[in-house]
Amino acid sequence: MGRVLITGAAGLLGSHLCDRFIKEGFDVVAMDNLITGDLKNIEHLFALPNFQFYHHDVTTFVHVPGELDYILHFASPASPIDYLKIPIQTLKVGAMGTHNLLGLAKEKKARILIASTSEVYGDPLVHPQAEEYYGNVNTIGPRGVYDEAKRFMESITMAYHRFHDLDTRIVRIFNTYGPRMRLNDGRVIPAFIGQALRGEDLTIFGDGSQTRSFCYVDDQIEGIYKLLMSDYVYPVNIGNPKEITINQLAHEILELTGSDQKVINKPLPADDPLQRQPDITKANEILDWFPAVSRKEGFAKTFEYFKNLNDEELFKKEH
Ligand code: NAD
Ligand code: UDP
Numbered sequence: 001m002g003r004v005l006i007t008g009a010a011g012l013l014g015s016h017l018c019d020r021f022i023k024e025g026f027d028v029v030a031m032d033n034l035i036t037g038d039l040k041n042i043e044h045l046f047a048l049p050n051f052q053f054y055h056h057d058v059t060t061f062v063h064v065p066g067e068l069d070y071i072l073h074f075a076s077p078a079s080p081i082d083y084l085k086i087p088i089q090t091l092k093v094g095a096m097g098t099h100n101l102l103g104l105a106k107e108k109k110a111r112i113l114i115a116s117t118s119e120v121y122g123d124p125l126v127h128p129q130a131e132e133y134y135g136n137v138n139t140i141g142p143r144g145v146y147d148e149a150k151r152f153m154e155s156i157t158m159a160y161h162r163f164h165d166l167d168t169r170i171v172r173i174f175n176t177y178g179p180r181m182r183l184n185d186g187r188v189i190p191a192f193i194g195q196a197l198r199g200e201d202l203t204i205f206g207d208g209s210q211t212r213s214f215c216y217v218d219d220q221i222e223g224i225y226k227l228l229m230s231d232y233v234y235p236v237n238i239g240n241p242k243e244i245t246i247n248q249l250a251h252e253i254l255e256l257t258g259s260d261q262k263v264i265n266k267p268l269p270a271d272d273p274l275q276r277q278p279d280i281t282k283a284n285e286i287l288d289w290f291p292a293v294s295r296k297e298g299f300a301k302t303f304e305y306f307k308n309l310n311d312e313e314l315f316k317k318e319h
């Protein structure tokens, strides 16, 4: 089938991508510096002859012996509290990390797919967000480190495509959740489930009227796989267009967990987008992709995963 390098392999999306490519019969080279990821997400693959792991920071020179057919660059802090805690590394992995991987793709004549984000649209003034929208990002705000790193990542990827004729793909990922998220990574679904499991009140930032559209990880992986195998070089949104407010989300999580905790309000973080919903017409038309997993089903699978964590993991505050 071929050989694929996956960066950010010990994280949520990277680890599920490793599983998918192994299942498809590829040789998988996984790379991660474990800054927000965890080896337990991929340790079940370690004994396989077609799986290799490199503990490496992709912001320093990346060397992989042998041929590569595909590179999937997923290394980057992804949760707002992670990238606010490590802002410089976030900028570096989007900029220098992407540059290193584009260079590697050029050397190996490999196709490269980079993980961009709905955050390139910032706090969007257009709703839902289609790929043609240029976005509304505060370059100097605290979230700018992530948003601008990803915007640079898209620009340098297109420059390599145009200037070096490199075979590139860009996926704009909208909020994706599922088993293997870190319970304490600050993203809203693990945050609410963790609070419910610990018997704490659910913390809604702001008045909870802001919206998000949550995609189950299996749907996201299918979309990414289809995009990689397509011949479309421009950015494609992959996400679930079913939009809900954070208030609604809190109530769905309370119902799911059977918890009788209260919801409490905390200040809204700076530049927190008020609304977010992908326009997935392109993914639908070009890739014949549409999300298949309902929130109810996806939340139930995710809750099952978190329920089985031990107390040490449940009460761990810092990564
Ligand atoms: P995650 O934090 O679970 O995984 C990211 C992985 O990247 C971690 O294992 C981390 O250790 C690794 N990493 C970070 N910096 C690195 C470096 N310099 N060198 C090597 N490894 C490094 O996050 P995720 O949700 O799996 O996100 C994966 C990718 O998808 C990221 O690029 C993220 O920006 C993008 N994305 C995710 C979402 C989402 O909702 N999950 C949305 C938009 C974009
Ligand atoms: N959020 C919240 N309580 C929490 C964590 C997050 O109300 O404990 C809100 C956050 O302010 C944002 C939404 O939930 O409006 C989604 O946050 P997340 O960090 O999951 O993703 P992003 O903001 O990157 O979409």
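Going by UniProt numbering, the residue at position 272 of the sequence shown is 272; the numbering climbs one at a time, nothing skipped.
All C-beta atoms, glycine included, are put in the ideal place defined by N, C-alpha and C.
Exercise for review: List the residues that DSSP assigns as beta-bridge partners of P278.
Suggested key: Position 278 of the sequence shown, counted from the start, is the residue given in the question as residue 278. In DSSP, P278 forms a bridge with Q129.
Check your understanding: Span of the beta strand (DSSP E) holding Q52?
Key -> Here residue 52 refers to the residue found at position 52 when the sequence shown is read from its first residue. Start and end: 51 to 55.
Check your understanding: In the structure shown, what three-state DSSP assignment does I264 receive?
Key -> For this step, residue 264 is matched to residue 264 along the sequence shown. Strand.
Point to revise | Cβ contact (3+ pairs, closer than 8 angstroms) linking the stretch 104 to 116 and the stretch 165 to 185 | key: yes
Exercise for review: Give me the Cβ distance between I71 and L101, rounded to the nearest whole Å; I'm assuming they're in contact under 8 angstroms.
Suggested key: In the sequence shown, residue 71 corresponds to position 71, counting from 1. In the sequence shown, residue 101 corresponds to position 101, counting from 1. Rounded, the Cβ-Cβ distance is 6 angstroms, consistent with contact.
Check your understanding: Exposed or buried, E132, counting other C-beta atoms within 10 Å across all chains shown (16 or more means buried)?
Key -> Position 132 of the sequence shown, counting from 1, holds the residue named residue 132. Per the 10 Å Cβ criterion, exposed.
Check your understanding: Nearest-angstrom Cα distance between G206 and R295?
Key -> For the purposes of this step, residue 206 is taken as residue 206 along the sequence shown, with counting starting at 1. For the purposes of this step, residue 295 is taken as residue 295 along the sequence shown, with counting starting at 1. Rounded to whole angstroms, G206 to R295 spans 23 angstroms at the Cα level.
Point to revise | C-alpha distance - D82 paired with G186, whole-angstrom precision | key: By 1-based counting over the sequence shown, the position of residue 82 is 82. By 1-based counting over the sequence shown, the position of residue 186 is 186. If you take the alpha carbons of D82 and G186, they lie about 8 angstroms apart.
Check your understanding: Is it buried or exposed for R198, if we count other Cβ within 10 angstroms and need 16 for buried?
Key -> Here residue 198 corresponds to residue number 198 of the sequence shown, with the count starting at 1. The residue in question, R198, is exposed, as its Cβ has fewer than 16 Cβ neighbours within 10 Å.
Check your understanding: Quick check: the stretch 207 to 218 against the stretch 235 to 247, are there 3 or more CB pairs under 8 angstroms?
Key -> yes
Check your understanding: Is S155 buried or exposed, if buried means 16 or more other CB atoms sit within 10 Å of its CB?
Key -> For the purposes of this step, residue 155 is identified with residue 155 of the sequence shown, where counting begins at 1. Classification of S155: exposed, given that the 10 Å Cβ count is below 16.
Exercise for review: Within its chain, find whatever has a CB closer than 6 angstroms to the CB of K92; leave out the 5 residues flanking it on each side and keep chain order.
Suggested key: Residue mapping note: residue 92 aligns to position 92 of the sequence shown, counting from 1. Excluding residues within five positions, the ones whose Cβ falls inside 6 angstroms are T59.
Practice item. Starting from N100, follow the beta strand (DSSP E) in both directions and report where the run begins and ends. Key: Your numbering for residue 100 matches position 100 in the sequence shown. Unbroken run through N100 is the alpha helix (DSSP H), 98 to 108; no beta strand (DSSP E).
Review point. Smallest Cα separation from V137: which of R151, H127, P128, L166?
Key: As a position in the sequence shown, residue 137 is number 137, starting the count at 1. The shortest Cα separation from V137 among R151, H127, P128, L166 belongs to R151.
Review point. Assuming V64 and V29 make a contact with CB atoms under 8 angstroms, what is their CB distance in whole Å?
Key: As a working note, residue 64 is residue 64 in the sequence shown. As a working note, residue 29 is residue 29 in the sequence shown. The Cβ separation is near 6 angstroms, so the contact holds.
Point to revise | Collapsed DSSP secondary structure at T117 in the structure displayed | key: Here residue 117 is taken as the residue at index 117 of the sequence shown, counted from 1. It is a strand residue.
Check your understanding: Going by alpha carbons, who is nearest to V188 out of P77, I253, Y234, M153?
Key -> Residue 188 sits at position 188 when you count from the first residue of the sequence shown. Answer by Cα proximity: I253.
Check your understanding: Would you say D38 and A10 are within 8 angstroms of each other, going by their C-beta atoms?
Key -> Position 38 of the sequence shown, counted from the start, is the residue given in the question as residue 38. Position 10 of the sequence shown, counted from the start, is the residue given in the question as residue 10. It is a contact, given that the beta carbons lie within the stated cut-off.
Point to revise | Through-space distance from N50 to I88, alpha-carbon basis | key: For the purposes of this step, residue 88 is taken as residue 88 along the sequence shown, with counting starting at 1. For the purposes of this step, residue 50 is taken as residue 50 along the sequence shown, with counting starting at 1. Near 34 angstroms, if we compare the C-alpha coordinates of N50 and I88.
Check your understanding: Quick one, which of E148, I264, G103, K307 has its alpha-carbon nearest H164's?
Key -> Working through the sequence shown from its first residue, we reach residue 164 at position 164. Out of E148, I264, G103, K307, G103 has the C-alpha closest to the C-alpha of H164.
Exercise for review: Determine the closest residue to V293 out of I286, D167, G223, A149, with distance taken between C-alpha atoms.
Suggested key: Translated into positions along the sequence shown, residue 293 becomes position 293. With distances taken between Cα atoms, V293 lies closest to G223.
Exercise for review: Out of H56, L48, I286, P142, state which residue places its alpha-carbon closest to the alpha-carbon of L268.
Suggested key: The residue given as residue 268 occupies position 268 in the sequence shown. Per the Cα distances, P142.
Review point. Where do the N-terminal and C-terminal ends of the beta strand (DSSP E) with E67 fall, by residue?
Key: Your numbering for residue 67 matches position 67 in the sequence shown. Careful: E67 lies outside any beta strand (DSSP E) and carries neither H nor E.
Check your understanding: Just the Cα atoms here: how many angstroms apart are P291 and I221?
Key -> Indexing the sequence shown from 1 puts residue 291 at position 291. Indexing the sequence shown from 1 puts residue 221 at position 221. Whole-angstrom Cα-Cα distance: 10 angstroms.
Review point. What number of angstroms, rounded off, separates the C-alpha of L125 from the C-alpha of C18?
Key: Residue mapping note: residue 125 aligns to position 125 of the sequence shown, counting from 1. Residue mapping note: residue 18 aligns to position 18 of the sequence shown, counting from 1. Going by the C-alpha atoms only, they are around 36 angstroms apart.
**Study point:** Backbone secondary structure at Y146 - three-state DSSP
**Key:** Taking the sequence shown and counting its residues from 1, the one referred to as residue 146 is at position 146. Helix at Y146.
Review point. Exposed or buried, what is N237 when buried is set at 16 or more other beta-carbons lying within 10 Å of its beta-carbon?
Key: Position 237 of the sequence shown holds residue 237. Answer is buried; the Cβ neighbour count reaches 16.
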